[in-house]
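In full-length UniProt numbering, the protein residues as written are 1 to 269. Every residue, glycine too, gets a C-beta built ideally from N, C-alpha and C.
What follows is the structure, given as structure tokens:
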């Protein structure tokens with residue numbers, strides 16, 4: 001009777017194995033389709049950015065057209081938040097590692113940012129020091145290894161020419177904390193972070209890394225408004241913290257940099 005039972009179960013086992021194989025193949029096909037869709041969306045966004053940049057180059061269009069209205073600061077801040085929220089999530093295949101510009105992973109040494117890409121760039125502040133701001137790539141010259149970048153704040157309407165090693169590209173992929181924790185900044189790591197509701201980068205310490213793909217970083221940053229106390233942690237989207245590498249090699253450091261005070265912040269939370 002035991003043999004008969006085994007013989008009856010064998011067809012069911014083969015059927016289950018076949019269903020499992022089919023389901024696995026369907027899931028892999030769906031994943032591949034989603035990846036292709038994600039890449040196509042990124043390609044479309046890149047083309048739209050390039051067209052927008054070309055439209056800003058003087059002389060390409062009829063000068064009789066009325067000038068484009070300057071974007072208001074509130075609208076700009078909303079667009080930056082939306083851009084950070086919609087940054088595509090890197091979804092790895094089995095055995096893959098997160099690529100450059102995914103989360104905390106910096107660009108490769110020979111990387112050249114494309115027109116429309118967002119970067120951190122140094123400009124002269126009022127006090128004469130270099131201040132890191134959010135800028136947009138207009139062009140890159142392979143002959144001089146220099147970028148032309150525009151201040152993202154259209155009220156400034158300033159264009160800067162900067163060497164390649166003075167420009168830090170922003171991440172192009174969001175890292176998944178559940179699968180790619182190595183692509184995230186870790187607690188107490190020193191970074192440049194975009195201060196909320198501004199286009200300026202400030203030195204900060206990671207207080208709490210993201211726990212889920214949709215989470216922000218919690219960072220600690222010096223703030224002169226809190227002269228007698230420590231400011232509360234700030235939330236910064238995954239796209240806007242940038243690694244400092246070695247402090248002496250950073251092309252620009254915000255005037256508020258005080259590593260020792262920032263380290264004291266950590267002890268208070």
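Which one of the options has the shortest CA to CA distance from residue i?
i, options, result
"residue 89", "17, 41, 111 and 21", "41"
"residue 219", "38, 189 and 45", "189"
"residue 241", "146, 132 and 144", "132"
"residue 200", "162, 232, 214 and 153", "153"
"residue 105", "205, 191, 16 and 124", "191"
"residue 115", "23, 43, 31 and 213", "43"
"residue 79", "197, 213, 203 and 15", "197"
"residue 107", "172, 233, 30 and 16", "172"
In whole angstroms, give me the CA-to-CA distance for residue i and residue j.
i, j, result
"residue 110", "residue 170", "15 Å"
"residue 177", "residue 39", "21 Å"
"residue 98", "residue 193", "21 Å"
"residue 182", "residue 94", "16 Å"
"residue 117", "residue 87", "13 Å"
"residue 101", "residue 46", "15 Å"
"residue 82", "residue 179", "24 Å"
"residue 243", "residue 149", "20 Å"
"residue 135", "residue 235", "21 Å"
"residue 26", "residue 77", "41 Å"
"residue 121", "residue 168", "7 Å"
"residue 18", "residue 33", "23 Å"
"residue 214", "residue 239", "12 Å"
"residue 37", "residue 231", "42 Å"
"residue 151", "residue 142", "22 Å"
Short of 6 Å in beta carbon distance, which residues of its chain neighbour residue i, apart from the five on each side in sequence? Order them along the chain.
i, result
"residue 237", "84 and 216"
"residue 211", "177"
"residue 21", "none"
Looking at residue i: is its Cβ nearer than 8 Å to the Cβ of residue j?
i, j, result
"residue 138", "residue 166", "no"
"residue 272", "residue 209", "Residue 272 lies beyond the range of the chain shown here (1 to 269); nothing can be said about it."
"residue 184", "residue 103", "yes"
"residue 221", "residue 195", "yes"
"residue 91", "residue 13", "no"
Can you name the residues that DSSP bridges to residue i?
i, result
"residue 242", "192"
"residue 122", "132"
"residue 137", "149"
"residue 205", "190 and 220"
"residue 159", "150"
"residue 176", "Bridge partners of residue 176: none, in fact."
Within the same chain, show all residues whose beta-carbon is closer than 8 Å to that of residue i, passing over the 5 residues directly before and after it, in chain order.
i, result
"residue 146", "140, 161, 162, 163 and 164"
Within a Cβ cutoff of 7 Å, which residues of the same chain sit near residue i, ignoring the five residues on either side of it in sequence?
i, result
"residue 119", "113, 135, 137, 149, 167, 168, 169 and 170"
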